[in-house]
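Let me begin by presenting the structure, written as structure tokens, before commenting on it.
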Amino acid sequence: MASVDFHKLRVAEVKRETPDAVSVRFELPDSLREAFAFKAGQHLTFRRDLNGEEVRRNYSVCVSPSEGVLKIGVKKIAGGVFSGWVNDELKAGDELEVMAPHGSFCWIFDPDERREYVAFAGGSGITPILSLMKTALATEPKSRFTLFYGNRNSPGVMFLEEIAGLKDRYIDRLSVFHFLEDEEEEIDLFNGRLDREKVEALLSGVVTPANIDAFFICGPGPMMDAAEEMLLAKSVEKSRILIERFTTGPLSAAQAAAALALEEKAAGLKMSVTLNGRRMQVAFDPEKHSILDNVRAAGLPAPFACKGGVCATCRAKVTAGEVSMKVNYGLSDEEIAEGYVLTCQSTPLTEGVALTYDV
Ligand code: FES
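Our numbering numbers the first residue of the sequence shown as 1 and each following residue consecutively.
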């Protein structure tokens with residue numbers, strides 16, 4: 001059962017990685033080692049009161065489970081309340097409220113396999129990819145990894161030195177290509193952003209998609225869309241394309257109107273909700289817009305972070321009835337087939353929906 005509780009973790013070190021990004025390493029007491037065991041590519045949900053408001057954010061772990069430490073990378077974003085606070089004020093010795101690791105941007109590594117991996121990372125999207133890359137190289141001694149990493153300029157490249165060190169260490173098995181938007185490289189291919197044209201060129205000349213076991217993608221939306229689109233155009237099966245989104249754009253006016261109509265239609269529909277072994281009947285109130293907010297208003301502390309359909313912190317399993325999701329960037333096709341939904345995006349379609357967070 002996934003834990004939805006928050007634990008207090010003490011910061012062991014805040015290290016400046018770039019002018020606007022830090023890594024944060026946590027102390028892990030023996031009592032929490034099991035709860036905080038993670039898979040490469042997973043993230044942590046943080047909760048903090050800032051400026052009189054509860055703020056929740058997800059940050060990806062940037063280390064491999066084999067390193068025996070727990071560390072995240074946090075890039076300061078414009079107007080970012082939490083990322084600004086972490087970059088400017090957080091220090092060793094401070095305590096943070098943190099939920100146990102979760103997320104499905106993961107791959108099963110097998111030391112006996114000889115595989116080829118490719119990653120497209122942009123900006124702070126490197127954090128989960130660094131975790132996956134280090135894990136692939138450390139646990140599969142015959143596998144190779146190619147990283148395409150886009151940034152605005154070289155001072156802003158997170159984990160630049162660490163990646164260079166990995167390149168030296170895994171000289172025959174790791175290839176790294178940097179793409180800088182604001183700096184001119186000698187080879188034209190490496191100038192500018194990782195857009196459709198560039199991704200197409202890379203998939204036509206640098207790597208052969210048919211030979212790649214898995215593609216990992218994390219970065220700005222347009223980069224992820226370009227990479228996914230070009231991989232699908234090259235007939236790469238969806239199961240070999242793993243994407244991690246940190247944020248998503250707003251719904252179109254038509255999508256928003258359709259979602260509102262569904263919510264109004266669902267007014268009063270009764271749901272049976274289970275969390276931490278406790279079951280409760282909740283009647284859907286369209287004013288609260290989602291199953292998640294209805295459940296929380298009814299007094300069950302259902303977990304959440306982004307409320308944008310991305311992080312899957314609010315995941316639950318539907319065991320009866322039907323629900324509709326507005327957007328889903330957090331669940332795989334398999335999870336949906338098994339009945340999982342993102343409750344922050346869900347509206348009941350039928351009377352008597354039953355769902356459980358205890359999965
Ligand atoms: S809270 Fe992030 S997907 Fe629902």
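In this text, a Cβ means the ideal position worked out from N, Cα and C, and glycines have one as well. No experiment lies behind these values; they were computed from the predicted model shown.
Asp-112 to Gly-352 span [Cα, whole Å] = 48 Å
Using only alpha-carbon positions, find the residue among Gly-122, Ala-164, Thr-127 and Phe-145 that is nearest to Tyr-152.
-> With the sequence shown as reference, residue 152 is identified as Arg, and Tyr is not the correct amino acid for it. Arg-152 has its Cα closest to that of Gly-122, out of Gly-122, Ala-164, Thr-127 and Phe-145.
In the DSSP assignment, find the unbroken alpha helix (DSSP H) run with Ile-212 in it and report its ends.
-> No alpha helix (DSSP H) contains Ile-212, which DSSP labels as neither H nor E.
Residues in its own chain within less than 6 Å of Leu-9 by CB, not counting five upstream and five downstream?
-> Phe-26, Leu-96 and Val-98
Return helix, strand or coil for Asp-195, following the three-state DSSP convention.
-> coil
Pro-128 by DSSP, collapsed to three states: which one?
-> helix
So does Lys-307 have its beta carbon nearer than 7 Å to some heavy atom of the ligand FES?
-> yes
If we ignore side chains and look at the alpha-carbon of each, how far apart do Asp-49 and Glu-184 end up?
-> 43 Å
Could you tell me how far apart the beta carbons of Lys-317 and Leu-355 are, in whole angstroms, since I believe they sit closer than 8 Å?
-> 6 Å
Name, in chain order, the residues that DSSP records as bridge partners for Gly-201.
-> Looking at the sequence itself, residue 201 is Ala, so the reference to Gly does not match. According to DSSP, which records beta bridges pairwise, Ala-201 is partnered with nothing at all.
Quick one: is the Cβ of Gly-330 within less than 7 Å of any heavy atom of the ligand FES?
-> yes
Look up Ser-154 in the DSSP assignment and say whether it is helix, strand or coil.
-> helix
Comparing the C-beta of Cys-62 with each C-beta of chain B, is any distance below 8 Å?
-> Absent here is chain B; the protein component of the structure consists of one chain.
CB of Ala-297 to nearest heavy atom of the ligand COA: below 7 Å?
-> Summarising the ligand content, the structure contains the ligand FES and does not contain the ligand COA.
Tell me, which residues are paired with His-7 by DSSP?
-> Val-98
The alpha helix (DSSP H) with Gln-255 in it runs from where to where?
-> 253 to 265
Under the criterion of a Cβ to heavy atom distance below 7 Å, does Phe-82 qualify as lining the ligand FES?
-> no
Is Leu-232 buried or exposed, if buried means 16 or more other CB atoms sit within 10 Å of its CB?
-> exposed
Can you give me the start and stop residues for the alpha helix (DSSP H) that Gly-79 sits inside?
-> Unbroken run through Gly-79: none, as it is neither H nor E.
Determine contact between the region 149 to 164 and the region 256 to 269, defined as no fewer than three beta-carbon pairs at a distance below 8 Å.
-> no
Inspect the beta-carbon positions of Tyr-357 and Thr-274 and report whether they are closer than 8 Å.
-> yes
Going by C-alpha distance, which of Gly-249, Ala-298 and Ala-261 is nearest Val-310?
-> Gly-249
Are Gly-41 and Phe-105 close, meaning C-beta to C-beta below 8 Å?
-> yes
With burial defined as no fewer than 16 other Cβ atoms inside 10 Å of the residue's Cβ, what is the status of Ile-217: buried or exposed?
-> buried
Per-residue DSSP class, three states only, for Pro-65 | helix
Member of Ser-332, Glu-34 and Pro-220 whose CA lies at the smallest distance from the CA of Ile-241 = Ser-332
Taking 7 Å as the cut-off, does the CB of Leu-44 come closer than this to any heavy atom belonging to the ligand FES?
-> no
From Cys-62, Pro-29 and Cys-306, pick the residue whose C-alpha is nearest to that of Ile-163; which is it?
-> Cys-62
Own chain, CB closer than 8 Å to Ala-361, minus 5 neighbours either side, in chain order = The chain is shown from 1 up to 359; residue 361 falls before or after that span and cannot be answered.
Starting from the N-terminal side, write out each stretch of the beta strand (DSSP E) that is 3 residues or longer and does not extend beyond the region 306 to 332.
-> 315 to 320 and 323 to 325
Is the Cβ-Cβ distance between Val-22 and Asp-94 less than 8 Å?
-> no
Leu-300, DSSP secondary structure in three states | coil
Extent of the continuous alpha helix (DSSP H) to which Gly-165 belongs = 160 to 169
Leu-44 versus Ala-302: straight-line alpha-carbon distance, rounded | 16 Å
Would you report the Cα separation of Leu-160 and Gly-73, rounded to the nearest angstrom?
-> 13 Å
Alpha-carbon to alpha-carbon, Gly-165 and Arg-115 | 22 Å
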